[in-house]
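Note sheet for the following structure.
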Amino acid sequence: MKCKKCGMMVSDEAVTCPNCGDALNDQLVDSVIKSEGNFQVKKFAAISFGIMIATLIIYSVFFTMNITVVGKWRCAAYEKDIDVSKELNYIFEMEFNKDGSFRYDTYDTASKDFHMVGNYSVEDNSKANDSNYLGIQNVYYIPETIVQNGEKSVSKNTSNFEFDFIEKNIVLLIDTKNSYSYVCKK
Numbered sequence: 581m582k583c584k585k586c587g588m589m590v591s592d593e594a595v596t597c598p599n600c601g602d603a604l605n606d607q608l609v610d611s612v613i614k615s616e617g618n619f620q621v622k623k624f625a626a627i628s629f630g631i632m633i634a635t636l637i638i639y640s641v642f643f644t645m646n647i648t649v650v651g652k653w654r655c656a657a658y659e660k661d662i663d664v665s666k667e668l669n670y671i672f673e674m675e676f677n678k679d680g681s682f683r684y685d686t687y688d689t690a691s692k693d694f695h696m697v698g699n700y701s702v703e704d705n706s707k708a709n710d711s712n713y714l715g716i717q718n719v720y721y722i723p724e725t726i727v728q729n730g731e732k733s734v735s736k737n738t739s740n741f742e743f744d745f746i747e748k749n750i751v752l753l754i755d756t757k758n759s760y761s762y763v764c765k766k
């Protein structure tokens, strides 16, 4: 250690400085307190970093678990410079239930009696390298009953929508059968 009074390097076992005779006990206590304080700071930093990492992991797991097609989606035609923060001109609504059933209704007055009901399934198709979307899910639906202008018909044709999550409750929706694109909000 170094003597505080004269600056000479002194053995850690020495009680007094051989150069100036100053007592080294106080200096030894100060040195121990300083190293103890550094250990506490490092310990606090390590614990804080661990808590931060755990929080980020829990948040990301919780957040991605909540990215789901389940719910009611109102959809508008996609336009290049569409502003999703404003109210959109919705043309249809889809509702996907937890039990695997769905309902599709149009807002179009020409076909206001048009709706479909049936079942759906979801396949996660997230593109890890695509930073534009939170997640991508393919939704396959089989309409069992179609009502148009008051007349019922039965269909077993499977169709497919790709939900590209822009935000948790906003998606770019692509009808893979005809390549039409929509913006939908929950």
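Position one of the sequence shown corresponds to residue 581 (my numbering), numbered consecutively onward.
Note that CB positions come from ideal geometry on N, CA and C, so glycine has one too.
| query | result |
| --- | --- |
| Distance, Val590 Cα to Ala772 Cα | Outside the displayed span of the chain (581 to 766) sits residue 772, for which this structure offers no information. |
| Beta bridge counterpart(s) of Ser733 as assigned by DSSP | Ile726 |
| Closest residue to Ile716 among Leu668, Glu703, Val727 (Cα-Cα distance) | Glu703 |
| Cα-Cα separation between His695 and Val763, rounded to whole angstroms | 19 Å |
| Backbone secondary structure at Val612 - three-state DSSP | With a pLDDT of only 47 at Val612, under 50, the local geometry of the prediction cannot be trusted, and no value is derived from it. |
| Test item: CB-CB of Lys765 and Arg654 under 8 Å | yes |
| Pair within 8 Å by beta-carbon distance, Asn740 and Tyr720 | yes |
| Inter-residue Cα distance where the pair is Tyr713 and Asp744 | 6 Å |
| Segment limits, beta strand (DSSP E) that includes Met674 | 670-676 |
| Cβ-based burial, Phe629 [other Cβ within 10 Å; buried from 16] | exposed |
| Through-space distance from Gly698 to Ala657, alpha-carbon basis | 23 Å |
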